[in-house]
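Going letter by letter, the sequence shown gives residues 3 to 259 in the working numbering.
Ideal placement from N, C-alpha and C gives every residue a C-beta, glycine not left out.
Everything below concerns the one structure shown next.
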Amino acid sequence: MNNVLDEILGPQVAIIDNNENEIKSIEVELNELKIGNKFYEVDYIEPNYPIQPLNTVEMVFLDLYLQAGLRKFDPYMCINWLNAIVPAGKKYILIIWSNDTHEADQLMKVMKEEGAPIPFLLEIREKGKYETADYEYDIRRLFKELNEELSEKITLNSEEYYGQIILVEPKSVLINCKLFDDPPIFEVRRFDITPFQGFITPEKGMFLKITITNKPGSKTFEFVLEPTNLSESFKKPDDFEGLDLSFLDDSNDEDYL
3 MNNVLDEILG
13 PQVAIIDNNE
23 NEIKSIEVEL
33 NELKIGNKFY
43 EVDYIEPNYP
53 IQPLNTVEMV
63 FLDLYLQAGL
73 RKFDPYMCIN
83 WLNAIVPAGK
93 KYILIIWSND
103 THEADQLMKV
113 MKEEGAPIPF
123 LLEIREKGKY
133 ETADYEYDIR
143 RLFKELNEEL
153 SEKITLNSEE
163 YYGQIILVEP
173 KSVLINCKLF
183 DDPPIFEVRR
193 FDITPFQGFI
203 TPEKGMFLKI
213 TITNKPGSKT
223 FEFVLEPTNL
233 SESFKKPDDF
243 EGLDLSFLDD
253 SNDEDYL
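In structure tokens form, the structure reads like this:
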């Protein structure tokens with residue numbers, strides 16, 4: 003059972019299945035890892051959907067369901083649950099945890115047709131391959147494999163540089179960014195003022211350390227006030243220093259016409 007704090011802040015992982023015995027091992031492992039999670043038991047007659055989608059959800063474990071009394075896959079049952087749990091436009095990872103993984107392609111096809119929330123990463127795992135005894139699963143092996151797969155697919159890249167504020171506007175901040183030191187390369191960039199609010203009051207002439215982190219589906223900006231005066235390093239080099247510029251004297255111009 004999740005603790006009260008998880009319920010207030012919202013779970014990071016949602017588990018959707020019609021048999022709690024088949025996901026109990028996942029719950030136990032997530033709880034040991036201190037990862038907020040919530041199990042949603044599928045009821046074909048009275049589905050207990052959450053009141054509203056979960057803004058905090060980042061990963062969904064989903065079983066694939068057959069129509070009641072039939073051996074026919076029901077993608078709409080799955081889609082209804084995903085629509086109820088995942089907010090529109092949310093970036094999330096979908097892990098199909100099922101004994102009917104061969105239906106995954108059909109699910110994705112119908113999800114696209116119906117406008118269901120499409121995951122930016124999809125992993126498919128067959129329950130039977132991890133079962134060690136009746137309703138007991140090697141979840142540590144599952145998580146180890148998922149971690150390796152996701153580490154390869156989710157690449158974080160970031161860039162870090164210093165900048166000097168040259169203009170503060172109502173909704174944006176104009177910053178002269180020093181992208182490289184040798185040779186020094188500068189570029190003026192405009193940043194939204196939102197990341198500054200509550201942390202730094204931007205002022206003209208202020209030096210900042212800027213970190214931009216990219217990951218699938220999102221980009222974050224971090225601005226840290228630089229206590230050191232970086233005026234010297236922000237002096238742009240004179241490209242003509244040391245050159246004979248006498249040829250620029252109008253008196254030496256020649257008429258080539």
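When the Cα atoms are used, P89 and L123 turn out to be separated by approximately 16 Å. Considering only I167, K173, G38, L66, the residue with the shortest C-alpha distance to K180 is I167. Proximity to E234 across G165, S174, L176, P204 peaks at G165, based on C-alpha coordinates.
In summary, I141 is buried, with 16 or more beta-carbon neighbours lying within 10 Å of its beta-carbon over all protein chains present. With a cut-off of 8 Å on Cβ pairs, the segment 79 to 89 is in contact with the segment 54 to 70, counting three or more such pairs. Every beta strand (DSSP E) of 3 residues or more that sits fully in the segment 140 to 181 is shown, in chain order, as 159 to 170. In this structure V15 is buried. Its beta-carbon is surrounded by 16 or more other beta-carbon atoms within 10 angstroms. Annotated three-state conformation of L109 is helix, per DSSP. In the DSSP assignment, no residue is bridged to T203. Under the DSSP definition of a beta bridge, F225 partners with I212. Under the three-state reduction of DSSP, F122 is assigned to coil, being neither helix nor strand. With a 10 Å radius around the Cβ and a threshold of 16 neighbouring Cβ atoms, G38 comes out buried. Closest by C-alpha distance to L109, out of L66, E48, E24, S160, is L66.
Under the three-state reduction of DSSP, A90 is assigned to coil, being neither helix nor strand. Taking the Cα of E161 as reference, the smallest distance to any Cα among G12, I212, P229 is reached at I212. Counting other Cβ atoms within 10 Å of its Cβ, E147 stays below 16 and is therefore classed as exposed.
DSSP places I98 inside the beta strand (DSSP E), whose first and last residues are 95 to 100.
If you draw a straight line from the Cα of I87 to the Cα of N57, it comes to about 9 Å. Looking only at G130, E128, A106, K129, the smallest Cα-Cα distance to I120 is reached by A106. Looking at the DSSP output, N39 bridges to V15. DSSP, reduced to helix, strand and coil, places I28 within a helical segment of the structure shown.
Approximately 6 Å separates the beta-carbon atoms of V190 and L176; this is inside 8 Å, confirming the contact.
For M61, the beta-bridge partners assigned by DSSP are V15, I95. The continuous beta strand (DSSP E) containing E133 extends over residues 133 to 135.
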